[in-house]
Amino acid sequence: MSTTAVPVEAARARPLDMLASWTRKNGWTLGLIAFLVLLLVFTRAIQPRYGVAGVQGLATSVLPLALAAVAQAVVVIGGGIDLSVGSMMALTSVVSASLMDGQSDWFGVAVVLGVLVLGAVLGAVNGGLVVLTRVPDIVVTLAMSFVWAGCALLVLPTPGGGSVKWLKDLVIGPLGNEWIPKALIALVLVVILIWIPVRRSRLGLSIYAIGSNQLAAFRSGVPVGRTKIVAYVLTGLFSAVAGLSLTASTGLGTPVPGPYTLMSVAAVVLGGVSLAGGRGGVFGPIVAVIIIQLMRTDMTFLNLNTNLATVAQGIILIGVVMIGTLIQIRRARA
Amino acid sequence: MTLTTTDLLLEATGVSKTYGAVVALKSASLAVRPGEVHALMGANGAGKSTLVKILTGAVRPDAGRIVVHGRERTVHSPADARHGGIVSVYQEPALIPDLDIRSNLRLTETPLEPFRHWLAELGVEGLDLSSMARQVPLASLRIIDLARALAIEPDVLMLDEMTAALPANLTERVLEVIGRQRGGDGSVIFISHRMIEIGAVCDRATVLREGETVGVVDVTPGSEERIVELMLGQIAERLPGRTTETASPDARSPAEPRLTARGLSSGTKLQDASFELHPGEVLGVVAVEGQGQDELFDILSGSERPSGGDLLVDGAPVSFRHPADAIRTGLVYVAADRAEALLMQRSVRENIALPFTAPLGRWGLLDLASERRKVDAAVATLQIDARAGREVRRLSGGNQQKVTIARWVAGGVRTMLCFDPTRGIDIGTKNQIYVLLRDLAEAGAAVLLYTSELKEVQLVCDRAIVIFGGRVVAEIDTADADEASLLRAAYNLRSDAPMPELVAAEATASGVSAQAVRGSETTAVEPGQPGAEP
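As you go down the protein sequences, you meet chains U and F in turn.
Going by numbering that gives the first Met the number 0, the first sequence opens with residue 0, and the numbers climb by one from there.
Going by numbering that gives the first Met the number 0, the second sequence opens with residue 0, and the numbers climb by one from there.
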């Protein structure tokens, strides 16, 4: 092995190298985006009338799922998994809907803030139980998913409540150009406001560290337990945002968890986050959610039997992950 | 001596094994006669454990033949070896913790009556076979393992460090039982770091060095010297590590030591470690495997809490509850196993930045510019080839180790605890690390260095302490120590007389009382423990 010193600086010197390195680093997400573009072309081919309305509908349906995927991604990067994301979304959704129903705009602001705190608390309970009892993450969060879902039904036995108008306006409809859905803007804003500061701070580094190698993180002085709890708090917080987006986009609080938990796990895997922890980001899962939703739309356009469509969706999901993994293995060997 | 192949019970010739670029075994041979107790000797990394793994079928050799009872055999798996009459007992008990003893015996199809017989012979009475393996004390588990192996009357019984950390009374029984195997049909291959045990039970010894069999010695009184000689081989010439002979240790040792350990102990492995580490020096730790050095470094780095003793940093007593506490007082740890220290899937930058980016335990925004400066400076200082820096696992072993050192250098190092930092890395990088450790000491840092390569002690260290049986038994000035005397010291042998009675008494006395092993936290302290200071 040659021992010539090539400091990191050298790689930064040339913009072309920088671009190449950035491409490699975000290879998976870029691949997903390319796949998404192909899918959009395909959609347009089978349904020439797919346009503004389609994009707007897609964005609205993607928003809660994408936020759920981000919530899941944070805790998975930290080496855990949260099976109560869907239940936390249901609970925060019904709490916000029942409190905001028919209230003033300013009261709505207070409710939104309160629900965000509630989400953080739910996450703290999950994380605290995982760290203190040392029961595996999957067991604790599965159990807590029943608890949160039960609480949601106690608050609101049937879908109901309402949302203040400004919250609805935040996510429904286009902004400026008719092609730009507000839901997309809201999603990007939330991620930028919460995730980017975390990623840039010691906390983000610590979350990646405990997910990547707990022993190494511990030996490097990272408070492993505390970091894990904070990762769960972030997951709770993003779940609360997802719950609020449900209330906002439907105008109702829905006490039944829906498919969000398992979809978030699927999106995280498809989005290039390693279930073993320590690898990936939140943008891959967001793109993955859009792909999953668009595939469903396409299957409707193709007039596929819904049951068959579900089967096809599963096969495509595992196929994409398998191909991606094979490419990575081959690249690692080269 | 004219023995034909058929007279031998087990014969291995030309066995070799490489792992990637690392040659674990070059050309090992081993010939065991029926009815003998045969010692397998070699310094750390000589290839003993690889040879054992090959003989028991845990590892496939690249080349070489293994002949048992005159017939060539390919051993595919441990179960296969077992059916062929080769059974091994390791230092770590091989019982399944969540099964009771009876089920464990059933799993290996061990006949019960002979098992009970051997258990009684070995001095373990009244064992409840329905107790869970998890609840049986460690020492008893080892005895159960041995009785289980003896019960199926193997042709070749392999004991790998079986007596390490076994209480003295049980060790005696084990040696007695092994001794009685001599002259029977089966043979025993015996691996131990304790010369005294070799002398007590073994007929012959095969010595490995750097993956090759370098000699077979008849064990007689005084043959220990010959064995040590063979293990050492030619003394390696001095490497260009220590450029200048610096001032005498006294001149560079101010009154206040950076680190003072007084009677540190941890369970039964570490009994009484006392020493001082001064700023500006590299203090070597000389020990053969499993003498308590692992526990000592775990305590010093804040990963484990000691069960007794005091630790002082800069004269003030400290008690670490987390590695972060140790890092705050300036005690940083470099592990032998990079997998324990690095985030393999993360970048060089993140790995170096992890411990120092912000005050530990705080979660503020990172000052990326200053972090980058520090990381780049450390990368340059250690000459890390960071071309594949996006994922640390793509770096070579040597470069990975440099990253683990760089993270502490970048943060400004005061006291560095290095546990075998050059294990399994290339010679060029080793030299760079030696120079770096010397430079750190020159700059006023204190370095504690455990190494399994004794020549590093001469190259890098100002003085060295010897740990044997969990105690610091000697201190050596490396200026007038050669590799042979260091190795003798590591085996707790005196340099003049090969096996004096004092050492023999010491080796037996340093065993632990059975009560201590049974889980009570008290440490057995023999009054008037004689030091082996020459």
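Positions of the beta carbon are idealized from the N, C-alpha and C atoms, including for glycine.
| request: State the Cα-Cα distance for the pair P135(U) and R257(F), rounded to the nearest angstrom. | output: 41 Å
| Contact list for P92(F) against chain U, beta-carbon separation under 9 Å | None at all; the shortest Cβ gap to chain U is about 23 Å.
| Partners in chain F for F237(U), counting only beta-carbon separations shorter than 7 Å | Chain F residues near F237(U): none, gap ~17 Å exceeds 7 Å.
| Presumed contact (8 Å Cβ cut-off) between I188(F) and M157(F), rounded CB distance | Right, the Cβ-Cβ distance comes to about 5 Å (below 8 Å), so this counts as a contact.
| task | Can you tell me which of the three DSSP states C417(F) falls into? | result | strand
| Would you say E339(F) faces chain U, with C-beta separation under 8 Å as the test? | Residue contact check for E339(F) against chain U: a CB pair falls below 8 Å.
| request: Using a threshold of 8 Å, state whether the C-beta atoms of S15(F) and L9(F) are closer than that. | output: With respect to L9(F), S15(F) sits apart: the two C-beta atoms are not nearer than 8 Å.
| chain U within 8 Å of Q344(F), Cβ atoms only | yes
| task | Take V74(U) and list the residues in its own chain whose beta-carbon comes closer than 7 Å to its own, dropping the five residues that flank it on each side. | result | For V74(U), the CB contacts under 7 Å within the same chain, skipping 5 residues up- and downstream, are I80, D81, A230, Y231, T234 in chain order.
| task | Find the residues of chain U that neighbour R389(F), judging by a C-beta separation of less than 9 Å, and give them in chain order. | result | S20, R23, K24
| query | Leaving out five residues before and five after P158(U) in sequence, what residues of the same chain have Cβ atoms less than 6 Å from its Cβ? | reply | L251, T253
| query | Which residues bound the beta strand (DSSP E) around L536(F)? | reply | Since the displayed chain F opens at 0 and closes at 533, residue 536(F) lies outside it and no answer follows.
| field | Three CB pairs or more closer than 8 Å across the region 37-49 of chain U and the region 197-215 of chain U | value | Result no; under three Cβ-Cβ pairs closer than 8 Å.
| query | What's the call for Q514(F), buried or exposed, on a 16-neighbour Cβ count within 10 Å? | reply | With a pLDDT of only 35 at Q514(F), under 50, the local geometry of the prediction cannot be trusted, and no value is derived from it.
| Based on the DSSP secondary-structure assignment, which residues constitute the bridge partners of F189(F)? | A38(F), L158(F)
| task | Check whether the region 109-119 of chain F touches the region 139-159 of chain F, counting contact only when three or more Cβ pairs, one atom from each stretch, lie closer than 8 Å. | result | Judged by Cβ distances under 8 Å, the region 109-119 of chain F makes contact with the region 139-159 of chain F, as three or more pairs qualify.
| With 8 Å set as the bound, which would you pick, yes or no: does the beta-carbon of R405(F) sit closer than that to a beta-carbon of chain U? | Correcting the residue identity first, residue 405(F) is Ala in this sequence and not Arg. Taking Cβ atoms only, chain U never reaches closer than 8 Å to A405(F), which makes this a no.
| request: Assign R261(F) to one of three DSSP states: helix, strand, or coil. | output: strand
| query | Between which two residues does the beta strand (DSSP E) carrying P180(U) extend? | reply | 176-180
| message | Is it buried or exposed, V187(U), if we count other Cβ atoms within 10 angstroms and call 16 or more buried? | response | exposed
| task | Kindly indicate which three-state DSSP category I151(F) falls into: helix, strand or coil? | result | coil
| Inter-residue spacing [alpha-carbon to alpha-carbon] between A311(U) and S205(U) | 38 Å
| Where does the unbroken alpha helix (DSSP H) through Y259(U) begin, and where does it stop? | 259-269
| query | Given a threshold of 16 other Cβ atoms within 10 Å of its Cβ, counted over all protein chains shown, does I137(U) qualify as buried or as exposed? | reply | The C-beta of I137(U) has fewer than 16 other C-beta atoms within 10 Å across all chains shown, which makes the residue exposed.
| message | Please report the straight-line C-alpha distance between A247(U) and G78(U), rounded to a whole angstrom. | response | 31 Å
| Is the region 310-318 of chain F close to the region 209-217 of chain F, with three or more CB pairs under 8 Å? | no
| Bridge-paired residues (DSSP) for I142(F) | As DSSP reads the structure, I142(F) sits in no beta bridge.
| L295(F): which of V66(F), H82(F), G262(F) sits nearest, CA to CA? | G262(F)
| message | Only counting the same chain, and skipping five residues up and downstream in sequence, which positions put a Cβ closer than 7 Å to that of S222(F)? | response | V216
| task | Return yes when the Cβ of S28(F) is within less than 8 Å of the Cβ of G46(F), no when it is not. | result | Contact flag unset, no.
| field | Buried or exposed (CB count within 10 angstroms, at least 16 for buried), Q344(F) | value | buried
| Cα-Cα separation, D61(F) to T17(F) | 7 Å
| For F145(U), which residues in chain F fall below 7 Å Cβ to Cβ? | Correct list: empty, because the minimum Cβ distance to chain F is about 29 Å.
| request: Taking only beta-carbon positions, decide if I326(F) is within less than 8 Å of chain U. | output: yes
| query | Taking 8 Å as the CB-CB limit, is A208(U) close to chain C? | reply | Here chain C cannot be found, since the structure's protein chains are U and F.
| message | I need the DSSP call for P156(U), collapsed to helix, strand or coil. | response | coil
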